[in-house]
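If you read the protein sequences in the order shown, they are chains A and B. At the far end of the first sequence sits residue 207, using the numbering used here, and the numbering has no gaps. At the far end of the second sequence sits residue 780, using the numbering used here, and the numbering has no gaps.
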Amino acid sequence: MHASSSLAPPETITLTINGQARQMAVQPWVTLLDALREHLDLTGTKKGCDHGQCGACTVLVDGKRINSCLTLAVMRDGAEITTIEGLAGEDGALHPVQAAFVEHDAFQCGYCTPGQICSIVGMMNEGHARTDEDIRELMSGNLCRCGAYPNIMDAIRQTLRERGEKPASEKNATPIPAYHLAE
Amino acid sequence: MTATQYVGKPVSRVDGRAKVTGAAKYAGEFNVPRLTYGVIVSSTVAKGRITRIDATAALALEGVIEVLTHENTPRLAWLDRSYQDQIAPNGSPFRPLHDDKVVYSGQPVALVVAENFELARYAASLVRVEYAPEPHQTNFDDAMAEAYEPPTGRAGYTPPPKPRGEADQAFADAKYQVSAQYATPTEHHNPMENYATTVAYGEEGKLTVYDKTQGAQNVQAYLASVFSMSSDDVRVISPFVGGGFGSGLRPVYNVFLAVLAARQLKRSVRVSLTRQQMFTFSHRSETRQEVRLGAARDGQLEAIIHEAFADTSTFEDFAEGIVNWSGLLHQCDNVRLEYRIAPMDVYTPADMRAPGATQGTFALECAVDELAHRLGMDPLEFRLKNYAERDQNLDKPFSSKELRECYRQGAERFGWSQRNLEPRSMRRGNRLIGWGMSTGAWEAMQDKAGAKATLHVDGRLIVGSATADIGTGTYTIMTQIAAETLGIPLERVEFQLGDSTLPFSPVEGGSWTAASVGTAVKEVCEALREKLFKLAGKIHDSPLGDATLEDVVFENGEVRLHRDSARGIALTEILRRSDMATLDEEVTAKPKMLEQSGYSRHSHQVTFVEVEVEEDIGMVRVTRVVDAVAGGRILNPKTARSQILGGVVWGISMALHEETLSDHAFGRFMNHNLAEYHIPVNKDIPEIDVIFVHEDDTIVNPLGAKGLGEIGLVGTAAAVANAVFHATGKRVRHLPVTLDKLL
Chain A
25 MHASSSLAPP ETITLTINGQ ARQMAVQPWV TLLDALREHL DLTGTKKGCD
75 HGQCGACTVL VDGKRINSCL TLAVMRDGAE ITTIEGLAGE DGALHPVQAA
125 FVEHDAFQCG YCTPGQICSI VGMMNEGHAR TDEDIRELMS GNLCRCGAYP
175 NIMDAIRQTL RERGEKPASE KNATPIPAYH LAE
Chain B
38 MTATQYVGKP VSRVDGRAKV TGAAKYAGEF NVPRLTYGVI VSSTVAKGRI
88 TRIDATAALA LEGVIEVLTH ENTPRLAWLD RSYQDQIAPN GSPFRPLHDD
138 KVVYSGQPVA LVVAENFELA RYAASLVRVE YAPEPHQTNF DDAMAEAYEP
188 PTGRAGYTPP PKPRGEADQA FADAKYQVSA QYATPTEHHN PMENYATTVA
238 YGEEGKLTVY DKTQGAQNVQ AYLASVFSMS SDDVRVISPF VGGGFGSGLR
288 PVYNVFLAVL AARQLKRSVR VSLTRQQMFT FSHRSETRQE VRLGAARDGQ
338 LEAIIHEAFA DTSTFEDFAE GIVNWSGLLH QCDNVRLEYR IAPMDVYTPA
388 DMRAPGATQG TFALECAVDE LAHRLGMDPL EFRLKNYAER DQNLDKPFSS
438 KELRECYRQG AERFGWSQRN LEPRSMRRGN RLIGWGMSTG AWEAMQDKAG
488 AKATLHVDGR LIVGSATADI GTGTYTIMTQ IAAETLGIPL ERVEFQLGDS
538 TLPFSPVEGG SWTAASVGTA VKEVCEALRE KLFKLAGKIH DSPLGDATLE
588 DVVFENGEVR LHRDSARGIA LTEILRRSDM ATLDEEVTAK PKMLEQSGYS
638 RHSHQVTFVE VEVEEDIGMV RVTRVVDAVA GGRILNPKTA RSQILGGVVW
688 GISMALHEET LSDHAFGRFM NHNLAEYHIP VNKDIPEIDV IFVHEDDTIV
738 NPLGAKGLGE IGLVGTAAAV ANAVFHATGK RVRHLPVTLD KLL
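And the structure:
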């Protein structure tokens with residue numbers, strides 16, 4: 025008997041990706057990330073570590089942000105998935121977070137960018153981002169090696185303001201504190 | 038002002054939309070038909086011989102196509118020089134799957150190719166490799182005994198200058214002295230995108246190689262040479278690069294393996310590295326450094342002695358400029374600088390953002406801080422007292438140097454004048470506050486580069502050069518330069534790069550791309566302007582009459598007379614009236630060596646940093662940074678600021694986070710993943726204030742731009758370490774400054 029006959033056969037699943045139902049046959053060991061990139065040519069979702077350590081593969085599953093490298097595609101049968109390709113409007117108009125990223129130069133090489141943007145959309149859905157420190161904490165699962173964090177913060181603040189949400193504390197709102205001598 | 042003036046404006050990235058919508062395709066994302074997948078098996082020993090490779094179980098799986106090892110690799114180019122890329126150090130470049138020798142841990146020993154990725158990965162886990170291990174050396178403190186002076190000859194490497202004055206005597210005689218040892222660890226570049234190659238196997242074996250690289254032509258030449266292929270049969274394409282930082286200056290072994298497999302199997306192949314494998318091909322050299330400084334009572338520097346050791350591999354002599362900066366940054370007449378490298382059983386180090394400079398400047402600028410403290414002198418005042426008006430290494434004037442203005446503006450923005458000299462003099466609650474500073478410099482280089490430009494009758498301008506955009510903003514600034522030079526709206530200009538068939542460009546590194554490729558783009562557009570003007574003159578009833586090129590201006594898609602702006606003609610009209618669909622031009626721009634050689638050409642920076650240190654647990658947080666940069670003309674303040682932000686984040690990272698640790702029992706890097714190899718997350722990074730001081734420089738290149746990729750990083754780690762000393766009174770000389778070293 026051939027060895028590979030012991031490998032699990034493909035299963036047919038349906039993922040609703042960016043509003044479109046996509047039926048596909050995948051083996052159980054295919055991650056959601058690889059299903060998107062290798063099977064559906066949705067390469068906007070990035071692979072930075074494949075271990076859930078960098079956040080580059082962040083997508084929205086039923087509105088919640090997850091690392092798509094840490095879930096198997098078959099586990100998401102029937103789920104609604106939004107990737108970076110699905111954020112802009114059908115007319116091509118950028119999502120406000122995408123537009124703010126371009127305006128504030130919130131990326132350099134662009135490789136962590138789709139994950140950052142999906143993560144921000146997910147964070148906003150969660151509704152806990154009130155102050156700069158909240159945002160920094162809640163966005164610390166998405167690494168950026170180019171060091172665009174200050175510009176990412178600017179892009180997030182602008183988006184929050186545009187949404188009319190209680191704006192995060194303004195940049196430089198805290199004046200340089202008065203120092204006192206130690207005892 | 039005209040609408041088509043773009044240089045110096047904060048233009049948003051022209052590739053921004055592609056990057057924020059996921060449309061930008063990186064090397065491992067070109068999904069060509071009938072693609073196969075290669076997964077690499079890495080060695081588990083650091084040194085020895087492979088005695089047996091058993092791939093039976095892997096090959097038994099349906100869908101596994103081949104397992105390539107040194108046993109079945111065809112004979113390839115024989116000479117070392119066939120494997121030496123544009124910037125290879127002296128030595129014998131590593132050849133993947135060449136023979137049974139293992140020269141470092143993580144070395145690729147087999148490539149498993151299968152019909153899909155998961156199968157290849159599983160099959161790779163079934164390949165059994167047996168070794169006859171030999172004793173290895175990965176402990177740098179022990180390896181240093183074998184240190185030697187690196188040979189010169191590597192492109193871009195300048196050995197330390199000869200000693201000047203009597204440094205040892207001057208040090209011995211100095212009233213105030215500092216003598217200290219500093220250490221910087223091995224670091225890995227870790228761009229967010231792992232290295233990957235997709236080889237599309239075409240008709241008659243022609244290869245289109247989508248590769249992650251900082252030099253498409255460097256990789257193309259390497260492949261053609263190693264596989265003895267005609268240059269026309271291999272094309273390398275690399276439109277987007279998910280970060281490089283120097284790791285992609287030389288060809289990485291995945292491209293070799295992908296091409297090897299594609300040629301063997303006559304199939305298209307993708308080979309991607311895992312994050313773990315990102316620790317198996319290049320690193321920032323580990324250093325041990327000794328700095329001795331002597332000064333007079335008034336703070337005048339009287340002696341600088343800087344000796345550095347760094348690692349290299351057993352097969353190449355990796356050399357970088359670590360100590361040279363110590364003879365450049367401050368005025369001093371007695372200087373002795375020495376640099377040696379020591380071989381270890383590791384892969385050859387590589388240039389990593391501000392290579393050499395950031396390790397050496399860390400040691401020097403901490404020592405300067407220590408000396409200022411000993412003198413009871415403000416460290417900024419000390420640096421101003423010893424301000425170098427002239428490059429004493431080269432004994433030449435600077436082409437421009439606005440460092441004094443960086444000191445002034447940076448200090449003012451930071452509020453430095455309120456600093457108390459005493460360590461531990463400021464606190465917020467249980468947190469100690471410290472303010473530190475440092476300076477740094479980087480070479481403003483220009484290299485030969487080519488560019489071509491084609492104006493289409495519909496008004497589009499296509500400009501191209503085989504350079505790269507690794508996040509630096511090359512696409513954007515080249516588009517700006519081209520659009521402004523020909524006076525064409527930005528939206529009508531397309532800049533192409535990352536394709537080995539485009540005009541020659543050096544690898545994208547060393548902060549020389551803006552200067553080198555930018556000059557080529559400017560010159561090719563000027564040449565095209567001349568051509569257009571001549572054509573316009575031949576048109577019947579030309580509105581330009583008998584004007585000369587000096588009488589006209591190119592703007593808003595037209596060429597017009599200076600003195601009578603009503604008289605002009607659209608560029609597209611010139612082509613139409615001349616019955617031409619396109620008009621093109623190609624140039625090679627060379628630096629004006631003679632003019633430049635009379636000057637020392639450098640960018641400068643100063644970093645001011647505030648840290649908070651939790652007194653009880655030693656946790657350090659950077660809370661404020663001001664970085665003032667003198668980098669010549671700023672072509673795009675938006676992307677330029679991002680370059681400096683990135684450099685500063687790298688400096689904070691180097692100071693507080695990054696360190697690749699080895700288990701010397703195995704000769705292997707232990708923390709080879711992004712959970713254990715620490716880089717800053719969003720929460721680690723405060724607001725960063727970037728100042729570009731005005732600096733005119735007509736010597737460095739026709740654009741006056743000095744390049745910004747490295748300069749933001751150079752002195753930043755030292756500034757953080759100095760701030761930690763000011764906060765705590767503890768001097769940590771071995772990076773990174775982790776909390777265990779502060780308790």
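Glycine is no exception: its CB is placed at the ideal position from the N, C-alpha and C atoms.
Terminal residues of the alpha helix (DSSP H) in which Ile736(B) lies:
In the second sequence, the residue the question calls residue 736(B) occupies position 699. Taken as a continuous stretch (DSSP letters only), Ile736(B) belongs to no alpha helix (DSSP H), as it is neither H nor E.
Kindly list, in the order they appear in chain B, the residues whose Cβ is closer than 7 Å to that of Val98(A).
By 1-based counting over the first sequence, the position of residue 98(A) is 74. In chain order: nothing, as chain B lies at least about 12 Å away.
If you follow the alpha helix (DSSP H) that Asp178(A) is in, where does it begin and where does it stop?
Within the first sequence, the letter at position 154 stands for residue 178(A). That run of the alpha helix (DSSP H) goes Tyr173 to Glu186.
Do Gly139(A) and Thr82(A) come within 8 Å of each other at the CB atom, strictly closer than that value?
One-based indexing of the first sequence puts residue 82(A) at position 58. One-based indexing of the first sequence puts residue 139(A) at position 115. Yes, the Cβ-Cβ distance between Thr82(A) and Gly139(A) is below 8 Å.
Along the chain, where does the alpha helix (DSSP H) containing Asp621(B) start, and where does it finish?
Start at 1 with the first residue of the second sequence, and residue 621(B) comes out as number 584. From DSSP, Asp621(B) is part of no alpha helix (DSSP H) but of the beta strand (DSSP E) over Thr619 to Ala626.
Opening and closing residue of the alpha helix (DSSP H) in which Gln533(B) lies:
Locating residue 533(B) in the second sequence gives position 496, where the first residue counts as 1. No alpha helix (DSSP H) holds Gln533(B); the beta strand (DSSP E) holding it covers Val530 to Gln533.
Answer with yes or no whether the minimum CB distance from Val48(B) to chain A is below 8 Å.
Numbered from its first residue, the second sequence carries residue 48(B) at position 11. The beta carbon of Val48(B) sits no closer than 8 Å to any beta carbon of chain A.
Quick one: is Trp549(B) buried, meaning 16 or more other Cβ sit within 10 Å of its Cβ, or exposed?
Locating residue 549(B) in the second sequence gives position 512, where the first residue counts as 1. Looking at its Cβ environment, which holds 16 or more other Cβ atoms inside 10 Å, Trp549(B) is buried.
Please check if any C-beta of chain A sits within less than 8 Å of the C-beta of Tyr63(B).
Counting from one through the second sequence, the residue named residue 63(B) turns up at place 26. The Cβ of Tyr63(B) sits closer than 8 Å to at least one Cβ of chain A.
Where do the ends of the beta strand (DSSP E) carrying Ala220(B) lie?
On the second sequence, residue 220(B) is found 183 positions in, with the first residue counted as 1. Here the beta strand (DSSP E) through Ala220(B) covers Tyr213 to Thr221.
Take Asp58(A) as the anchor and find which of Leu779(B), Val328(B), Asn153(B) and Gly669(B) has the nearest alpha-carbon.
Here residue 58(A) refers to the residue found at position 34 of the first sequence. Checking every option, the nearest Cα to that of Asp58(A) belongs to Asn153(B).
State yes or no: is the C-beta of Leu167(A) within less than 8 Å of the C-beta of Val145(A)?
Indexing the first sequence from 1 puts residue 167(A) at position 143. Indexing the first sequence from 1 puts residue 145(A) at position 121. It is not a contact, given that the beta carbons lie outside the stated cut-off.
Bounding residues of the beta strand (DSSP E) (the contiguous stretch that carries Asp248(B))
As a working note, residue 248(B) is residue 211 in the second sequence. Where Asp248(B) is concerned, the enclosing beta strand (DSSP E) stretches over Leu244 to Asp248.
Cβ separation of Ala233(B) and Leu310(B), assumed to be a contact under 8 Å, to the nearest whole Å
On the second sequence, residue 233(B) is found 196 positions in, with the first residue counted as 1. On the second sequence, residue 310(B) is found 273 positions in, with the first residue counted as 1. That pair is a contact at about 7 Å.
Whole-Å CB distance - Gly336(B) paired with Phe419(B), under 8 Å assumed
Taking the first residue of the second sequence as position 1, residue 336(B) is located at position 299. Taking the first residue of the second sequence as position 1, residue 419(B) is located at position 382. Yes, Gly336(B) and Phe419(B) are in contact; Cβ-Cβ is about 5 Å, under 8 Å.
Output yes if chain B places a C-beta closer than 8 Å to the C-beta of Cys170(A); else output no.
Counting from one through the first sequence, the residue named residue 170(A) turns up at place 146. Residue contact with chain B for Cys170(A): present (Cβ-Cβ distance below 8 Å to some residue of chain B).
By the 8 Å beta-carbon criterion, what residues does the region 55–89 of chain A contribute toward chain B?
Asp58, Arg61, Glu62, Asp65, Leu66, Thr67, Gly68, Thr69, Lys70, Lys71, Gly72, Cys73, Asp74, His75, Gln77, Cys78 and Ala80
Residues in the same chain with beta-carbon distance under 6 Å from Met381(B), minus the five sequence neighbours each way, listed in chain order, please.
Numbered from 1 along the second sequence, position 344 holds the residue referred to as residue 381(B). Here the set comprises Gln174, Thr175, Ala180 and Asp348.
Would you call the region 536–554 of chain B in contact with the region 727–747 of chain B, where contact means no fewer than 3 C-beta pairs closer than 8 Å?
The region 536–554 of chain B vs the region 727–747 of chain B: in contact.
Closer than 8 Å, CB to CB, is Lys781(B) near chain A or not?
Residue 781(B) falls outside the range modelled here, since chain B spans only 38 to 780, and no answer is possible.
Taking the alpha-carbon positions, what's the Ile176(A) to Glu713(B) distance?
Taking the first sequence and counting its residues from 1, one reaches residue 176(A) at position 152. Taking the second sequence and counting its residues from 1, one reaches residue 713(B) at position 676. Answer to the nearest angstrom: the Cα atoms are 24 Å apart.
If you run the structure through DSSP and keep just helix, strand and coil, what is Lys778(B)?
Sequence index remark: in the second sequence, residue 778(B) carries index 741 (1-based). Reduced to three states, the DSSP call for Lys778(B) is helix.
Below 7 Å between beta carbons is the criterion; list the residues of the region 689–719 of chain B that meet it against any residue of chain A, in chain order.
Hits within the stretch, in order: Asn710, Leu711, Ala712, Ile716, Val718 and Asn719.
Same chain, Cβ closer than 8 Å to Cys45(A), five either side skipped, listed in chain order
Numbered from 1 along the first sequence, position 21 holds the residue referred to as residue 45(A). It is worth fixing the name first, because residue 45(A) is Ala in this sequence and not Cys. The answer, listed in chain order, is Thr38 and Leu39.
Under 8 Å, Cβ to Cβ, is there at least one residue of chain B near Gly134(A)?
Locating residue 134(A) in the first sequence gives position 110, counting from the first residue. Proximity of Gly134(A) to chain B, defined by a Cβ-Cβ separation below 8 Å, is satisfied.
If you follow the beta strand (DSSP E) that Thr476(B) is part of, which residue opens it and which one closes it?
Translated into positions along the second sequence, residue 476(B) becomes position 439. First-last of the beta strand (DSSP E) with Thr476(B): Arg468 to Glu480.
Write down every uninterrupted run of the beta strand (DSSP E) in the region 91–125 of chain A whose length is 3 residues or greater and which is fully enclosed by it, in chain order.
As far as the region 91–125 of chain A is concerned, its whole beta strand (DSSP E) runs of at least 3 residues are 104–106.
Partners in chain D for Ala32(A), counting only beta-carbon separations shorter than 7 Å:
Here the protein chains are A and B, and chain D is not one of them.
Along chain A, in chain order, which residues have C-beta atoms closer than 7 Å to that of Thr676(B)?
In the second sequence, residue 676(B) corresponds to position 639, counting from 1. Going along chain A in sequence order, the residues near Thr676(B) (Cβ under 7 Å) are Asp129.
At least one CB of chain B closer than 8 Å to the CB of Glu161(A): is that the case?
Looking up residue 161(A) in the first sequence gives position 137. Answer yes: the Cβ-Cβ gap between Glu161(A) and chain B drops below 8 Å somewhere.
To be precise: take each residue of the region 136–165 of chain A, compare its Cβ to all Cβ atoms of chain B, and keep it if any distance is under 7 Å. Which residues remain?
Cys136, Thr137, Pro138, Ile141, Arg160, Glu161, Met163 and Ser164
Let's test the definition: count the other Cβ atoms within 10 Å of the Cβ of Thr324(B) and tell me whether it reaches 16, buried, or not, exposed.
On the second sequence, position 287 is the one that residue 324(B) refers to. Per the 10 Å Cβ criterion, buried.
From Pro187(B) to Arg377(B), what does the alpha carbon distance come to, in whole angstroms?
What you label residue 187(B) is simply residue 150 of the second sequence in a count that begins at 1. What you label residue 377(B) is simply residue 340 of the second sequence in a count that begins at 1. Roughly 6 Å separates the two Cα atoms.
Would you say Glu186(A) faces chain B, with C-beta separation under 8 Å as the test?
The residue you call residue 186(A) lines up with position 162 of the first sequence. So, not an interface residue.
Label Tyr141(B) either buried or exposed according to how many other C-beta atoms from any shown protein chain fall within 10 Å of its C-beta, with 16 as the threshold for buried.
Locating residue 141(B) in the second sequence gives position 104, counting from the first residue. Per the 10 Å Cβ criterion, buried.
Less than 8 Å between the C-beta atoms of Val558(B) and Ile518(B), yes or no?
Residue 558(B) sits at position 521 when you count from the first residue of the second sequence. Residue 518(B) sits at position 481 when you count from the first residue of the second sequence. It is a contact, given that the beta carbons lie within the stated cut-off.
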